[in-house]
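*Asks:* Got a structure here, written out as structure tokens. Questions coming.
There are 2 protein chains.
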Amino acid sequence: MVFRMQSPAALAAIYRSMGRKVTPQRQLLFQLMHENDCHPTAEALFAEASAQMPGISLRTVYQTLNELAEMGELQFIDIGGGPTRFDPNLDDHHHVVCIDCGQIRDVQVSGAAALHPSGAEDFVINEVGVVFQGVCSSCEKSRAKSGRSVRAKSPALQAKVSK
Amino acid sequence: MVFRMQSPAALAAIYRSMGRKVTPQRQLLFQLMHENDCHPTAEALFAEASAQMPGISLRTVYQTLNELAEMGELQFIDIGGGPTRFDPNLDDHHHVVCIDCGQIRDVQVSGAAALHPSGAEDFVINEVGVVFQGVCSSCEKSRAKSGRSVRAKSPALQAKVSK
DNA sequence: TTCTTGTTAGCACGAATTGCAGATTAGGAG
DNA sequence: CTCCTAATCTGCAATTCGTGCTAACAAGAA
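From first to last, the protein sequence lines stand for chains A and B. Residue 0 is where the first sequence starts when you use numbering that gives the first Met the number 0, and the numbers rise one by one after that. Residue 0 is where the second sequence starts when you use numbering that gives the first Met the number 0, and the numbers rise one by one after that.
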């Protein structure tokens, strides 16, 4: 029972109720995002949108994504310095990233909510995010073939992968 | 105790042993990083370095940081899209971020290593990072004064969860 | 239909970081 | 100590990701 993004129609209603207009551009983006189950970048969504509505502006895509995030209808995920990705999964969840191909996968993490930081007693904690880094099965295969081993902590690699 | 970054002398030795040269620029940066116990950006470190060595290039700072990260002598932390910060704390630790002032604090999280993702059984997990978001005490005060409250999770999620 | 606003497109701009190339220098060989 | 060569430094251009601005445009109420 995953909470996915609202339907395009629901989003349209929400927009109207907030005094925002429901333009063709927004409708298309609502549609594309609703169908989407990975974690696209603004550019990727723009490419999809352009295919169906040539002339739509990248600016409009960014703007709509920001609005939706502000309204809590989608989440942003920032991992490793690459472009921001958006997440239509509104469920309380976490992420696994492949340090080879950059793929991001949603995961459930039992016990995450119970985690407690020691050393920040003066903070009012509001939210916790867990990110696992690893290698996906298909990248694991190519690694085995080329004899590479999984390198432990390597931020540099991580940075490169995300580009 | 906390495993801090290697001493400047140790880093110099490591550099030499890898066929890298120990230049005055690098020595200064080793020194500054070793002394540092917060999470500076490249720019911040550049500013410090410039004070002691006018004319040092920002490019050199970036280059040295990347080298050290590649060698595992420091970590990068990427939180929320701002400039990359580097972390001279090599211990196994996690972070708390103040969503108001952006302050980052190192914290220990007992049980973090035991976390397991469900939904990524085909990944070989290599590392786990936990990031808490919250409000630090001094920001909390200003919030109280201005009547703002800590924003809970996104409105949409809130609505759904409460059903 | 008309009017009022919110929106869009498009480009300039900005921050962060990297690519490039010529000038410079660390560090080993002689 | 001097010389030599590869590694390094600096400065600037280029790139990537995203936002500010504004004139033209269109959604939705009256």
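All C-beta atoms, glycine included, are put in the ideal place defined by N, C-alpha and C.
Give me the Cα-Cα distance between residue 67/A and residue 73/A, rounded to the nearest whole angstrom.
*Replies:* Near 6 angstroms, if we compare the C-alpha coordinates of residue 73/A and residue 67/A.
*Asks:* Kindly list, in the order they appear in chain B, the residues whose Cβ is closer than 7 angstroms to that of residue 29/A.
*Replies:* Within chain B, no residue comes near residue 29/A; the closest Cβ sits about 14 angstroms away, beyond 7 angstroms.
*Asks:* Closer than 8 angstroms is the cut-off here; do at least three beta carbon pairs connect the region 73-89 of chain B with the region 3-14 of chain B?
*Replies:* Yes: at least three Cβ pairs fall under 8 angstroms.
*Asks:* Between residue 65/B and residue 59/B, what straight-line distance do the alpha-carbon atoms span, to the nearest angstrom?
*Replies:* Distance between the alpha carbons of residue 65/B and residue 59/B is about 10 angstroms.
*Asks:* Can you tell me the Cα-Cα spacing of residue 84/A and residue 44/A, whole angstroms?
*Replies:* Computed Cα separation, rounded: 10 angstroms.
*Asks:* Is the Cβ-Cβ distance between residue 99/B and residue 134/B less than 7 angstroms?
*Replies:* Yes, these two residues count as a Cβ contact at 7 angstroms.
*Asks:* Would residue 48/B and residue 55/B qualify as a contact pair, given that the criterion is a beta-carbon distance under 7 angstroms?
*Replies:* The answer is yes: Cβ separation under 7 angstroms.
*Asks:* Counting only beta-carbon separations shorter than 7 angstroms, does residue 131/B have a partner in chain A?
*Replies:* It does: the Cβ of residue 131/B has a partner Cβ on chain A nearer than 7 angstroms.
*Asks:* Quick one: using the 10 Å Cβ neighbour count with 16 as the cut-off for buried, is residue 132/A buried or exposed?
*Replies:* Its Cβ being crowded by 16 or more others within 10 Å, residue 132/A is buried.
*Asks:* Tell me which residues share the same chain as residue 7/B and place their Cβ nearer than 8 angstroms to its Cβ, disregarding the 5 neighbours each side in the sequence.
*Replies:* Result list for residue 7/B: 26, 29, 30, 33, in chain order.
*Asks:* Indicate whether at least one CB of chain B lies closer than 7 angstroms to the CB of residue 77/A.
*Replies:* Yes, residue 77/A counts as interfacial toward chain B.
*Asks:* When you compare each of 127/B, 102/B, 15/B, 128/B to residue 40/B by their alpha carbons, which one comes out closest?
*Replies:* Checking every option, the nearest Cα to that of residue 40/B belongs to 102/B.
*Asks:* Using a cut-off of 7 angstroms between C-beta atoms, extract the partners of residue 114/A located in chain B.
*Replies:* In chain order: 108, 110, 111, 129.
*Asks:* Rounded to whole angstroms, what's the CA-CA distance from residue 110/A to residue 117/A? Just pull it up for me.
*Replies:* Cα to Cα, residue 110/A sits roughly 16 angstroms from residue 117/A.
*Asks:* Quick check on the DSSP output: what are the complete beta strand (DSSP E) runs of length 3 or more inside the region 8-42 of chain A, in order along the chain?
*Replies:* Whole beta strand (DSSP E) segments, 3+ residues: zero.
*Asks:* Have a look at the DSSP bridge pairing and note the partners of residue 86/B.
*Replies:* DSSP output for residue 86/B lists 74/B as bridge partner(s).
*Asks:* Among residues of its own chain, excluding the 5 on either side of residue 63/B, which ones have a beta-carbon nearer than 8 angstroms to its beta-carbon?
*Replies:* These residues qualify, in order along the chain: 24, 25, 28.
*Asks:* Can you give the Cα-Cα distance for residue 20/A and residue 50/B, rounded to whole angstroms?
*Replies:* So the alpha carbons of these two residues sit roughly 53 angstroms apart.
*Asks:* I'd like the list of long-range same chain contacts for residue 96/A, defined as Cβ closer than 6 angstroms, with 5 residues on each side in sequence excluded.
*Replies:* Contacts found: 78, 103, 132.
*Asks:* For residue 102/B, does the three-state DSSP call read helix, strand or coil?
*Replies:* Residue 102/B: coil per DSSP, three-state reduction.
*Asks:* I need the DSSP call for residue 136/B, collapsed to helix, strand or coil.
*Replies:* In the structure shown, residue 136/B sits in a helix (DSSP, three-state: H, G or I).
*Asks:* Are there 16 or more other CB atoms within 10 angstroms of the CB of residue 119/B, so buried, or fewer, so exposed?
*Replies:* Buried: at least 16 other Cβ atoms inside 10 Å.
*Asks:* Helix, strand or coil: which one does DSSP assign to residue 120/B?
*Replies:* Residue 120/B: coil per DSSP, three-state reduction.
*Asks:* Tell me where the beta strand (DSSP E) around residue 93/B begins and ends.
*Replies:* Element bounds for residue 93/B: 93-97.
*Asks:* Under three-state DSSP, which class holds residue 3/B?
*Replies:* Residue 3/B: strand per DSSP, three-state reduction.
*Asks:* Are there 16 or more other CB atoms within 10 angstroms of the CB of residue 128/A, so buried, or fewer, so exposed?
*Replies:* It is buried - the Cβ of residue 128/A has at least 16 other Cβ atoms within 10 Å.
*Asks:* When you compare only the Cα positions, how much space is there between residue 151/B and residue 123/A?
*Replies:* Here the model assigns residue 151/B a pLDDT of 42, short of 50, so the residue's position is not dependable and the matter cannot be decided.
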